[in-house]
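A quick write-up on the structure given underneath.
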């Protein structure tokens, strides 16, 4: 294919070595000029100059007979990026590019980053870029603002269908003059100009290419003949920034700064607790791509835990000194095991905060060993698992970690509290949801909360970390003035040392099953038929079988109990904390209701037009000699489906009155002392 003209007179840009030599001979007035060029003739984009990024997605192959940089993306939709060092802020950027196998679009597009404050063009970037490719087939100039939710700020665009071709090789030239005049040309034809009176970005560290490709076009993009010439922005007066640290192993820690620095002296570093100054910091040259990376060789090995690295007196190339900065990192020994169920628990849930961005989940390590949070996932009741941490992160014994929906909102509301921001967030529904913590296929903890547990406008706190995860009694609303206690002991914290209480006994209609209700869930292993005795005077009956259902125990009785009064005696059952109920008893009755006939139970009084509609009631009267159970009766008007009058056994003896009410609270205030049964839904009594 024909090779485009890349410089005046048809000359290819000269190699970098020659340009640098000429720059050294130029007069002092030209010393501020910066020149970057690459023809890729050496077949290697990793040096002279170095390009970094998604390196495995690029290669150097011939284009029109000469080597050029070519995308080498996978057979799936992907994003590729590559950048090299450049501080040019005002000047001229030129590059030859080619696309083929289809027109540019929203799914196949090119960005040329002219100046960027970071070398990783796939992450947050402040700077400017030219974009070729949308469904409009136009060319656009953008400013990138990393602080915005959508960092793209459109400055100018050409008319549509400027690039309709399915394949094209072109020479792109962009100029920027002070204070902010932009010009973009394609093959020496100016297609776009823009005035930016007050430039938002006046310094950069990198120039690069960013492409988005579909599954079939990972190799459809070429770049060549890069030539950048101009001057840098204002003098650097900003100290370097410590970006972070990570353990590479027990004896090596990698440290990263946001710009090239002089950081090879071990005296700059201190690791606590227990490690101190590193033994050595090898000065291995890193690609000059806007950051510095150093590997600290430690004198003492790390053990599983979280460490603080303090950095002091590190200077950048302009002499700006970072006086002191700190960052934390974790190390987890490969021998550290996987948490068993209950080792790590969901300890606090902020599911209904004043601002939804403040949603968080707090985890607490109950075990006596540390665990790697990078091996865990969490989800809601829809089951889409999300990594708790994307890197090795130690959670020490008795340690807390807070998973947050929005890092900025959380940091503002709870300053100084450490947190993790997972890569995705399962929205916590106000009407009830689940939080499930897993280590592989093992469920470490699972909480299915309900609004009735608490947490309206404040966090939902766990009372006893070792107590049952799904018992309402083990949860409640935070009483902290801040509305939550992330990263510290809950306001409701209380170790459960109280045995379960026996609350009631209800036989079923055939009296062959007893529903025994306790104040909290029981340990199924502690519940056997011998723990229960059904007493009828001097007679004692042992259940044939037992089954636990949360706070209920179902006792199977064979044969069924005859009508009469009984006492259930319970001994030696324990809750999930191991607290033992040594002995308790509760009376209950068994009766078999008589079958009703028309006229046995009659409507005796109707309050259909009270001063307050909530006072509506219907009175029933048992005029027979029979005994009935209200569970067998239903109430309805002409417009409503019949609804049960009672859901629990309610005995109606001969001559008894029963008052069915619309609103039990209002009725009790007006007719104190009168027993009433609330019916819902209530069939409105029309006046």
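In my numbering, the protein residues as written are 1 to 687.
Beta carbons are placed, not taken as given, at the ideal position from N, Cα and C, and that holds for glycine.
Just so you know, these numbers come straight off a predicted model, no measurement behind them.
Using a Cβ-Cβ distance cut-off of 8 Å, the stretch 63-79 and the stretch 261-272 are not in contact, since fewer than three pairs of beta carbons, one from each stretch, lie closer than that value. In this structure residue 570 touches residue 531 by the C-beta definition: roughly 6 Å separates them, less than 8 Å. In this structure, the alpha-carbon of residue 68 lies about 10 Å from that of residue 38. Membership of residue 348 in the beta strand (DSSP E) is indicated by the continuous run 344-350. Around the beta carbon of residue 620, 16 or more other beta carbons lie within 10 angstroms, which makes this residue buried.
In the DSSP annotation of this structure, the continuous segment of the alpha helix (DSSP H) that includes residue 665 starts and ends at 664-670. Out of 429, 441 and 445, the CA that lies nearest to the CA of residue 451 is found in 429.
Looking at the DSSP output, residue 83 sits in a beta bridge with 52 and 208. In this structure, the alpha-carbon of residue 203 lies about 33 Å from that of residue 413. Cβ contact annotation for residue 240 (same chain, cutoff 8 Å, sequence separation greater than five): 257, 258, 259, 261, 292, 314, 315, 316, 320 and 322, in chain order. The residues 359, in chain order, have a CB closer than 7 Å to that of residue 353 in the same chain once the five nearest residues on each side in sequence are set aside. For residue 412, there is no enclosing beta strand (DSSP E); the enclosing alpha helix (DSSP H) has its first and last residue at 407-413. Counting only runs of at least 3 residues, the stretch 306-340 fully encloses the following beta strand (DSSP E) elements, listed from N- to C-terminal order: 321-331.
Counting the other CB atoms within 10 Å of its CB gives residue 608 a total below 16, which places it among the exposed residues. DSSP lists 256 as the beta-bridge partner residues of residue 293. A Cβ-Cβ contact shorter than 8 Å links residue 220 with residue 100.
Burial check for residue 361: the Cβ neighbour count within 10 Å reaches 16 or more, so the residue is buried. Counting only the Cα atoms, residue 456 lies some 43 Å from residue 127.
Here residue 400 is buried, its C-beta having at least 16 other C-beta atoms within 10 Å. Only exposed fits residue 675, as fewer than 16 other CB atoms lie within 10 angstroms of its CB. DSSP, read as helix, strand or coil, puts residue 244 in strand. Between residue 111 and residue 129, the beta carbon gap of about 5 Å places them in contact (Cβ cut-off 8 Å).
The shortest C-alpha to C-alpha distance from residue 306 to any of 329, 296, 312 and 297 is the one to 329. Note on residue 227: 16 or more other CB atoms within 10 angstroms of its CB, so buried under the neighbour-count rule. DSSP, read as helix, strand or coil, puts residue 387 in strand.
Under the three-state reduction of DSSP output, residue 489 falls in the coil class, being neither helix nor strand. Relative to the Cα of residue 645, the nearest Cα in the group 660, 131, 639 and 494 belongs to 660. Beyond the five residues adjoining it in sequence on each side, residue 418 comes within less than 8 Å, by CB distance, of 328, 401, 402 and 487 in the same chain, given in chain order.
Distance from the CA of residue 91 to the CA of residue 231, rounded to the nearest whole angstrom, comes to 6 Å. Straight across, the Cα-Cα distance linking residue 467 with residue 437 is about 16 Å. The residue among 150, 119 and 107 with its C-alpha nearest the C-alpha of residue 132 is 107. In this structure, residue 586 keeps its C-beta atom at 8 Å or more from the C-beta atom of residue 554. Comparing alpha-carbon positions, the option among 269, 155 and 96 lying closest to residue 223 turns out to be 96. By the Cβ neighbour-count rule, residue 297 is exposed, with fewer than 16 other Cβ atoms within 10 Å of its own. The beta carbon of residue 179 is closer than 8 Å to those of 196, 197, 198 and 199 in its chain, skipping five residues each way along the sequence. Shown here, residue 673 sits in coil according to DSSP, grouped into three states, outside any helix or strand.
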